[in-house]
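Asker: Okay, so the sequence shown: first residue is 576 according to the numbering used here, each after it adds one.
From the three backbone atoms N, C-alpha and C, an ideal C-beta is built for every residue, glycine too.
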Amino acid sequence: MSPAWRVASPYCLALAPQVNSPEPVWYVGCKTLDGEDKLFYSQTYFDIHYPDLARWTKSIPGAARSCFVTFGQHLGYFACAPGHGSIWAGIPSELEDTVRKSFDAPSCVSLGMKDAWFVLYPDGRLAWNFHGHYSALNKILADVVAGSVTYVAISPYNKEHYFIAFRDRSIKYNFKGAPAEWMRLMTEVFDIWAAARLQMQQSPPPQLHPQPYLSVQEPQPYLQQQSPNLKKASPLLVASPTSPPVIPGTPLPMYTSPVQQSVVPIVTYANKAQERSAINVPMELPGDTLLSAPILVPGHDEISSTKKKKSFLSRLF
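#1: For the segment 618-698, list the beta strand (DSSP E) runs that are entirely contained and at least 3 residues long, ordered along the chain.
#2: Comparing alpha-carbon positions, which option in Val-644, Ile-666, His-706 and Lys-714 lies nearest Cys-683?
#3: Counting beta carbon pairs with one atom in the segment 647-660 and one in the segment 703-714, are three or more of them shorter than 8 Å?
#4: Flag this pair as touching only if the segment 748-763 and the segment 611-627 have three or more C-beta atom pairs under 8 Å; answer yes or no.
#5: Among Thr-673, Pro-626 and Ser-661, whose alpha-carbon lies nearest the alpha-carbon of Val-600?
#6: Under the three-state reduction of DSSP, which class applies to Asn-903: helix, strand or coil?
#7: Who are the near neighbours of Gly-651 in its chain, counting only those whose CB is closer than 7 Å to its CB and skipping five residues on each side?
#8: Tell me the DSSP secondary structure of Ala-721 in three-state form.
#9: Could you spell out where the beta strand (DSSP E) holding Val-582 opens and where it closes?
#10: Could you have a look at Arg-612 and say whether DSSP puts it in helix, strand or coil?
#11: Is the beta carbon of Ile-739 closer than 9 Å to that of Leu-716?
#12: Is there contact here, the segment 727-739 with the segment 586-600, by at least three beta-carbon pairs under 8 Å?
#13: Please classify Val-764: does DSSP put it in a helix, a strand, or coil?
#14: What does the Cβ neighbour count give for Met-775, buried or exposed, with the cut at 16 atoms within 10 Å?
#15: Since I believe Val-582 is in contact with Val-764 (beta carbons under 8 Å), could you give me their beta-carbon distance rounded to a whole number of angstroms?
#16: Just to confirm the assignment, what range does the beta strand (DSSP E) spanning Asn-704 have?
#17: Suppose the cutoff is 8 Å on Cβ atoms and the five residues either side in sequence are ignored; what does the same chain contact list for Lys-751 look like?
#18: Just the Cα atoms here: how many angstroms apart are Thr-525 and Trp-692?
#19: For Leu-588, which residues from the same chain have a beta carbon less than 7 Å from its beta carbon, with the 5 sequence-adjacent residues on both sides left out?
#20: According to DSSP, simplified to helix, strand and coil, what is Lys-734?
#21: Counting along the chain, where does the beta strand (DSSP E) carrying Tyr-602 start and finish?
#22: Leaving out five residues on either side along the sequence, give the residues of the same chain with a beta carbon under 8 Å from the beta carbon of Glu-611.
#23: Considering only their Cβ atoms, is the gap separating Ile-746 from Ser-584 smaller than 9 Å?
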């Protein structure tokens with residue numbers, strides 16, 4: 576297999592149950608050995624079983640790096656991307672309620688067996704309910720430092736399979752019983768990732784050397800520092816995202832949440848005419864340009880005063 580088709584560093588790994596397909600549907604967003612970000616998934620069956628999800632991921636720029644996807648049982652799924660909201664179908668009601676009540680869109684959601692779920696937010700907050708499954712992962716999450724987890728995936732068809740990545744680029748997983756060919760490829764990726772992390776830890780921090788050829792410039796007395804004119808922003812009205820209601824007995828709907836809101840500032844108009852005043856307009860000059868003294872142009876009142884003085888002196892002499 577050429578480097579262009581081999582995974583070097585995964586961004587997202589997701590496995591779906593085997594439903595009317597020769598093998599479980601899989602999805603991988605990754606960086607390949609040739610340095611490109613690419614998106615791989617099961618041919619044909621990903622588009623057939625998850626048509627809305629397939630169209631959504633194809634519409635996201637840089638989906639391989641930005642999209643986070645997880646599959647659940649009975650063709651359920653959840654996907655999200657920073658700046659592009661979320662899309663889901665067939666998720667547990669407990670998870671849906673948690674997502675709806677949060678203003679922030681999740682950065683990662685995982686679906687497992689028997690309505691097990693996990694959710695992670697961009698600020699590091701996380702919540703989960705495994706309903707007694709994934710015992711090893713449950714212990715890991717109970718002991719982690721807040722903000723240290725960056726990604727979690729739990730298997731929707733094996734109650735102990737999981738994958739977790741941390742902010743320090745370390746990982747933990749249990750893929751016991753996974754296909755040998757797939758596991759061999761992923762093990763190579765994990766080994767490369769571990770070697771890169773070890774190399775980063777052993778590299779000495781960069782040292783800053785003084786640069787004597789950079790002389791300190793003397794202050795320029797003819798340039799006066801001006802304070803910027805600051806104006807406080809008006810309060811903004813932010814609308815809360817809403818999603819369509821779920822009607823029992825209907826097919827699973829596709830949700831897009833949160834809705835991207837347009838924020839319009841409140842503009843206040845004064846009743847009286849605006850007074851004219853001088854406005855300081857900041858401007859930039861070339862580095863070697865000197866400011867010349869201002870040229871005074873006599874005004875009308877000054878000319879009239881000079882003529883009166885000359886007329887008065889002519890009368891005396």
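Answerer: Checking against the coordinates, here is how it stands:
#1: 643-646, 652-656, 660-664, 683-686 and 692-695
#2: Taking the sequence shown and counting its residues from 1, the one referred to as residue 683 is at position 108. Of the listed residues, the one whose Cα sits closest to Cys-683 is Val-644.
#3: no
#4: no
#5: On the sequence shown, residue 600 is found 25 positions in, with the first residue counted as 1. Checking every option, the nearest Cα to that of Val-600 belongs to Pro-626.
#6: A query on residue 903 cannot be resolved here, the shown segment of the chain reaching from 576 to 892 and no further.
#7: Mapped onto the sequence shown, residue 651 falls at position 76. Contacts found: Ala-664, Gly-665, Ile-666 and Leu-686.
#8: Mapped onto the sequence shown, residue 721 falls at position 146. Looking at Ala-721 - three-state DSSP - the assignment turns out to be coil, as it is neither helix nor strand.
#9: Along the sequence shown, one-based indexing puts residue 582 at 7. Taken as a continuous stretch (DSSP letters only), the beta strand (DSSP E) holding Val-582 covers 582-590.
#10: Taking the first residue of the sequence shown as 1, we reach residue 612 at position 37. Per the sequence shown, residue 612 should be read as Asp rather than Arg. DSSP places Asp-612 in strand when its eight states are reduced to three.
#11: Against the sequence shown, residue 716 aligns to sequence position 141. Against the sequence shown, residue 739 aligns to sequence position 164. Taking 9 Å as the Cβ cut-off, Leu-716 and Ile-739 qualify as a contacting pair.
#12: yes
#13: Taking the sequence shown and counting its residues from 1, one reaches residue 764 at position 189. If DSSP states are grouped into helix, strand and coil, Val-764 belongs with the helices.
#14: The residue labelled residue 775 in the question sits at position 200 within the sequence shown. It is exposed - the Cβ of Met-775 has fewer than 16 other Cβ atoms within 10 Å.
#15: For the purposes of this step, residue 764 is identified with residue 189 of the sequence shown, where counting begins at 1. For the purposes of this step, residue 582 is identified with residue 7 of the sequence shown, where counting begins at 1. Val-764 to Val-582, Cβ: 5 Å. Contact.
#16: Numbered from its first residue, the sequence shown carries residue 704 at position 129. In the DSSP annotation of this structure, the continuous segment of the beta strand (DSSP E) that includes Asn-704 starts and ends at 701-704.
#17: For the purposes of this step, residue 751 is identified with residue 176 of the sequence shown, where counting begins at 1. Closer than 8 Å at Cβ, skipping near neighbours: Glu-735 and His-736.
#18: Because the chain spans 576 through 892 in this model, residue 525 falls outside it and cannot be assessed.
#19: Translated into positions along the sequence shown, residue 588 becomes position 13. Hits under 7 Å: Val-603, Ala-728 and Phe-738.
#20: The residue given as residue 734 occupies position 159 in the sequence shown. Coil at Lys-734, not helix or strand.
#21: Your numbering for residue 602 matches position 27 in the sequence shown. Element bounds for Tyr-602: 601-607.
#22: Within the sequence shown, the letter at position 36 stands for residue 611. So the qualifying residues of the chain are Ala-579.
#23: Position 9 of the sequence shown, counting from 1, holds the residue named residue 584. Position 171 of the sequence shown, counting from 1, holds the residue named residue 746. No; because the gap between Cβ atoms is not below 9 Å, this pair is not in contact.
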